[in-house]
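These notes are about the structure you will find just below.
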Amino acid sequence: MLPVVVVHGGAGHIPKERSELSTSGVTSAVRAGYAVLRGGGSSMDAVVEAVTYLENNPAFNAGCGSVLNVKGDVEMDAFVMEGKTLGSGAVSAVRNIANPIQLARLVMDKTSHLCLTAEGAKQFARSMGVPEVPQESLITEYSRMRWRKNLAPDANPVECQMGKMGTVGAVAVDSQGNVACATSTGGILNKMEGRVGDTPCIGCGGYADNMVGAVSTTGHGEAIMKVVLAKHILYQMEQGQSVEAASDLGLACMKFRAAGLGGVITVDPQGHWAARFSSRQMAWAAAQKDTLHYGLYEGENFTQSIDVQH
Ligand SMILES: NC(=O)C[C@H](N)C(=O)O
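Under the working numbering, the first residue of the sequence shown carries the number 85, and numbering increases by one thereafter.
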């Protein structure tokens, strides 16, 4: 079964005119992650590669294309975790960097801490030689338009966000059976300055444990945190549930207990995988045994050979 990599491009409602962009974005990201695994790379290398791809793609709410906070600024959160050591790294409320996921990995690899935030994260990025980029390079016309629209006194940014969420993430198992996850986001539309969501919080935006599996989540962050969604799903797997059933149970709990919608990608160490969501759609793609799988709506699972371009 091994290896496998699965990516998501966020749970929500993807307007028709943007569905092609989302599908081609997740399929090229999963190809990039799979190329790492096929070359003998680790699951951690694969998830960081796939998420870097998605951060660089302006169609998604992470890196370039992030949603704006209420002041019109980009503040991003990211998280990585590896299942062999339970090592993890996170950054929250970071600005002016192109790839928060790579900074999260540096937190894991180069510090004794799990999470760095805001100004401290910026100083750390500088000390690691991570280039600073102008905020303008992370902002798209689309995100500015949505920000402006949601400043209106009668706007409902949370509703609008449930429309199009677009956080990105990846989970993978390598040929050694090591699992890993990575999640990156601009957060939620018109959020308060300094708001930290689920993504960088261990067990919420993701979790990875070689004894059980790995999960990356997307959706309404405050609801994800209430049920500690990623860890909740792995707990269900520890109780003997399959990757699909555990994912569905976690999402059902989040809907029932916290009135939130979302989506998850889940793997177990044997290479079983699932992409499940309670929102209307979630762009996802998976690669295993040289086959590419992808979908956008409930029940979809299109397949093609990995070498055929979409
Ligand atoms: N798009 C998302 O998935 C949003 C993210 N979970 C957050 O609340 O920050």
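We put the beta carbon where it would ideally sit given N, CA and C, even for glycine. Quick caveat: nothing in here was measured; it's all calculated off a predicted structure.
Item to complete: Measure the alpha-carbon distance for Y137 versus T169 and round it to whole angstroms.
Response: 25 Å
Practice prompt. Determine the direct distance from the alpha carbon of G278 to that of A292, and round the result to whole angstroms.
Written response: Taken atom to atom, the span from the alpha-carbon of A292 to that of G278 is near 27 Å.
Worksheet item: Where does F361 land, buried or exposed, given buried means 16+ other C-beta within 10 angstroms?
Response: buried
Fill in: Where G247 sits in the DSSP three-state scheme
Residue placement at G247 is poorly supported in this model, since its pLDDT is 48, which falls under 50; the coordinates still yield a value, given next. Three-state DSSP puts G247 in a helix.
Worksheet entry | Nearest-angstrom Cα separation, counted from F144 out to G250 | 5 Å
Worksheet item: Is the stretch 220–240 touching the stretch 262–269, taking contact as three or more C-beta pairs under 8 Å?
Response: no
Fill in: Cβ-based burial, D332 [other Cβ within 10 Å; buried from 16]
buried
Worksheet item: Relative to ligand 1, is the shortest distance from any of its heavy atoms to the C-beta of G167 smaller than 7 Å?
Response: no
Discussion item. Let me make sure I understand the geometry here. Which of V257, K233, N180 has the alpha-carbon closest to that of E220?
Written reply: N180
Worksheet item: Quick one: Cα of G247 to Cα of P284, how far?
Response: For G247, the pLDDT reaches just 48, beneath the cut-off of 50, and the residue's location in the model is therefore unreliable, although a value from the coordinates is still provided. Rounded to the nearest angstrom, the two C-alpha atoms are 22 Å apart.
Fill in: Distance CB(G109)-CB(G96) smaller than 8 Å
no
Item to complete: Run through the stretch 210–294 for me and flag every whole alpha helix (DSSP H) of 4 or more residues, listed as ranges in chain order.
Response: 225–233, 241–247
Fill in: Start and end residues, alpha helix (DSSP H) containing F340
327–342
Worksheet item: Exposed or buried, G324, counting other C-beta atoms within 10 Å across all chains shown (16 or more means buried)?
Response: exposed
Worksheet item: For Q354, which beta-bridge partners are listed by DSSP?
Response: DSSP lists no partner for Q354.
Discussion item. Can you tell me whether E384 is helix, strand or coil according to DSSP?
Written reply: coil
Practice prompt. Could you confirm whether any beta carbon from chain B is found closer than 8 Å to the beta carbon of N385?
Written response: You won't find chain B in this structure, because it holds only one protein chain.
Item to complete: Classify A254 as buried or exposed, calling it buried when 16 or more other Cβ atoms lie within 10 Å of its own Cβ.
Response: So A254 counts as buried.
Worksheet item: With 16 as the cutoff for other CB atoms within 10 Å, does E216 come out buried or exposed?
Response: exposed
Worksheet item: Could you give the distance in angstroms between the alpha-carbon of R122 and the alpha-carbon of S172?
Response: 24 Å
Worksheet item: Rounded to a whole number of angstroms, what is the C-alpha to C-alpha distance between L273 and V158?
Response: 10 Å
Worksheet item: Does at least one heavy atom of ligand 1 sit under 7 Å from the Cβ of G281?
Response: yes
Item to complete: Count the CB pairs spanning the stretch 192–202 and the stretch 102–120 that are closer than 8 Å, and state whether there are at least three.
Response: no
Worksheet entry | DSSP state of H403 mapped onto helix, strand, coil | In the structure displayed, the chain extends from 85 to 394; residue 403 sits before or after that span and is not available.
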